[in-house]
Amino acid sequence: MKKVFAGILAAVSMSYATEALAVKNTFYIGTDAVYDFNGVNGGPTFVNDNPVISQEIEYPDNLPSAVINAGYNFSERLGVEAYYQMSSTKKHNMYGVYSTNAELKSETNYQSYGLDFIAYIKSTDKVDWLLSAGVGQYEFETKFKYMNGGTPVKKYTDKEDCFAPRLGAGFQINFDDYISFRAMYRYVFVDIPGIDKIQEVLVGVRIGFEPFYWN
Numbered sequence: 010m011k012k013v014f015a016g017i018l019a020a021v022s023m024s025y026a027t028e029a030l031a032v033k034n035t036f037y038i039g040t041d042a043v044y045d046f047n048g049v050n051g052g053p054t055f056v057n058d059n060p061v062i063s064q065e066i067e068y069p070d071n072l073p074s075a076v077i078n079a080g081y082n083f084s085e086r087l088g089v090e091a092y093y094q095m096s097s098t099k100k101h102n103m104y105g106v107y108s109t110n111a112e113l114k115s116e117t118n119y120q121s122y123g124l125d126f127i128a129y130i131k132s133t134d135k136v137d138w139l140l141s142a143g144v145g146q147y148e149f150e151t152k153f154k155y156m157n158g159g160t161p162v163k164k165y166t167d168k169e170d171c172f173a174p175r176l177g178a179g180f181q182i183n184f185d186d187y188i189s190f191r192a193m194y195r196y197v198f199v200d201i202p203g204i205d206k207i208q209e210v211l212v213g214v215r216i217g218f219e220p221f222y223w224n
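For what it's worth, this note's numbering labels the leading residue of the sequence shown as 10, then goes sequentially.
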């Protein structure tokens, strides 16, 4: 974990070390579509006393999600972006749990929110390479419903959360002074029982209240 935070500090320091340019500050909003690849090695467990059941359900290895964000660029070289992310819901049914007529249903999703610093490395007047470093709060929720012969027996909700460093890289295409397309890869160092990493591929748009770049 110390190495991760050292990497974040190094990325931010590198951004500040680049040549300062006299430009006006910029606010923007945006949205992303995210597809993820989760490093899964377990998941939440449904427990019931009567009948005695202890059944683990593995976390999904992917949970596509949507993101809304708002950013502020200090200069052409460095900005900060706040985000809120909500995943889709993955449903899973298991039959024959304890008895042939029993069924265990589960629904898993997560939400996340946090901050990322964005370093801009100009390629052309229209294209910027991007590096990001930040942190996010990740909250996973799994709702269980145990049924026997069609009759509900028990409902249970399992929740896990963690505070996770995030590192990313990608590019941004500026269509004009106010609208841009963004694509990125991100690695998230989550620490949740059953998930040890999240890798994300995202595409999205940014809409600025002032120009994204300056000629």
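Where is the CB? At the ideal position from N, CA and C, for every residue including glycine.
Please report the straight-line C-alpha distance between lysine 114 and phenylalanine 153, rounded to a whole angstrom.
Roughly 6 angstroms separates the two Cα atoms.
Tell me whether phenylalanine 190 is buried or exposed, calling it buried when 16 or more other Cβ atoms sit within 10 Å of its Cβ.
Phenylalanine 190 comes out exposed.
Counting only runs that start and end within the segment 180 to 214, where is the beta strand (DSSP E) found for 3 or more residues in a row?
Fully enclosed beta strand (DSSP E) runs of 3 or longer: 188 to 197.
Taking the alpha-carbon positions, what's the valine 214 to phenylalanine 184 distance?
Distance between the alpha carbons of valine 214 and phenylalanine 184 is about 10 angstroms.
Tell me tyrosine 107's beta-bridge partners as DSSP assigns them.
Tyrosine 107 is not bridged to any residue.
Applying the criterion that 16 or more other CB atoms from any shown protein chain within 10 Å of the CB defines a buried residue, is aspartate 134 buried or exposed?
That one is exposed.
Could you tell me the distance, in whole angstroms, from the CA atom of lysine 100 to the CA atom of asparagine 157?
Cα to Cα, the separation comes out at about 18 angstroms.
Note down, in chain order, each residue of its chain lying with its Cβ closer than 6 angstroms to the Cβ of glutamine 94, except the 5 sequence neighbours on either side.
Answer for glutamine 94: Ser74, Val76, Ser121, listed in chain order.
According to DSSP, what are the bridge partners of leucine 124?
In the DSSP output, where bridge partners are listed per residue, leucine 124 has Ala91, Val144.
Sort Pro60, Tyr119, Trp138, Ile62 by Cα distance to aspartate 70 and report the nearest one.
Minimum Cα distance to aspartate 70 is reached at Tyr119.
Could you check where the beta strand (DSSP E) with glutamate 219 kicks off and where it finishes?
Careful: glutamate 219 lies outside any beta strand (DSSP E) and carries neither H nor E.
Mind checking who lysine 135 pairs with in its DSSP beta bridge?
None, per the DSSP bridge assignment.
Between the C-alpha atoms of glutamine 208 and proline 60, what's the straight-line distance to the nearest angstrom?
Going from the Cα of glutamine 208 to the Cα of proline 60 covers about 39 angstroms.
I'd like the span of the beta strand (DSSP E) that includes phenylalanine 55, first residue to last.
Unbroken beta strand (DSSP E) run through phenylalanine 55: 54 to 57.
Establish whether the CB of tyrosine 37 and some CB of chain B are separated by less than 8 angstroms.
Among the chains of the structure shown, chain B does not appear; only one protein chain is present.
Classify proline 161 as buried or exposed, calling it buried when 16 or more other Cβ atoms lie within 10 Å of its own Cβ.
It is exposed - the Cβ of proline 161 has fewer than 16 other Cβ atoms within 10 Å.
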